[in-house]
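Per my numbering, the sequence shown starts with residue 23, numbered consecutively.
Backbone N, C-alpha and C fix where the C-beta goes; we use that ideal spot for every residue, glycine too.
Quantities reported herein were computed from a predicted structural model and do not represent experimental measurements.
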Amino acid sequence: MLIHDMPRTEVEEMLRHVGIGYLACSVEDKPYVVPLRFIHSNGYLYSLTSEGKKMELMRANRNVCVSFSDVHGSNNWRCLVISGHFEDIPKSLSKDSLYYHAHELLAAGANWWEPAYVKTILRGEERPLEPLYFRISVLDTTGHQAQP
23 MLIHDMPRTE VEEMLRHVGI GYLACSVEDK PYVVPLRFIH SNGYLYSLTS EGKKMELMRA
83 NRNVCVSFSD VHGSNNWRCL VISGHFEDIP KSLSKDSLYY HAHELLAAGA NWWEPAYVKT
143 ILRGEERPLE PLYFRISVLD TTGHQAQP
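Right, here's the structure in full:
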């Protein structure tokens, strides 16, 4: 097996097809990682979530990263790590708003609201569902791949 950097063309191709990624954020040296659905558009990753720990942490520290994997076997995989800055998208019903744009981008895919916007019971209580959109500016990408 050989592991090497992904060429820029393969990084861009993978960005066009991102789906579920692992969002990593941290505050006070306490890392937190959760799976979320993302879509890439014009230098940003867009996502939907609801209020919770990840939003609290990202609002406190805008520096985040997202990891995407495409695994076909232990010696045949691709991994893309994106570093960037979190940006909360304010709610707006205007058709020319960033909120509406984020909704349109994400809603184009099947099951676009999962896993972020589903009934969740934490510590015995149901979490209220209020859709929140956010985006991450793509500041840096690192891609690696292994091939037999």
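Which of helix, strand or coil DSSP assigns to residue i
i: residue 39; result: coil
i: residue 120; result: helix
i: residue 30; result: helix
i: residue 46; result: strand
i: residue 81; result: helix
i: residue 52; result: strand
i: residue 115; result: coil
i: residue 168; result: strand
Opposing strand residues paired with residue i [DSSP bridges]
i: residue 70; result: 155
i: residue 98; result: 95
i: residue 24; result: 169
i: residue 62; result: 67
i: residue 106; result: 86 and 160
Between the CA atoms of residue j and residue i - distance to the nearest angstrom
i: residue 93; j: residue 101; result: 8 Å
i: residue 69; j: residue 24; result: 33 Å
i: residue 84; j: residue 122; result: 22 Å
i: residue 98; j: residue 41; result: 19 Å
i: residue 54; j: residue 170; result: 33 Å
i: residue 46; j: residue 95; result: 24 Å
i: residue 155; j: residue 26; result: 34 Å
i: residue 66; j: residue 153; result: 19 Å
i: residue 74; j: residue 119; result: 24 Å
i: residue 79; j: residue 86; result: 10 Å
i: residue 124; j: residue 51; result: 30 Å
i: residue 61; j: residue 48; result: 22 Å
i: residue 109; j: residue 148; result: 26 Å
i: residue 166; j: residue 43; result: 15 Å
i: residue 130; j: residue 145; result: 33 Å
i: residue 59; j: residue 168; result: 24 Å
i: residue 104; j: residue 162; result: 6 Å
i: residue 77; j: residue 91; result: 23 Å
i: residue 64; j: residue 89; result: 18 Å
i: residue 106; j: residue 160; result: 5 Å
Q) Can we say the stretch 25–39 touches the stretch 107–127, given the rule of at least three CB pairs closer than 8 Å? A) no
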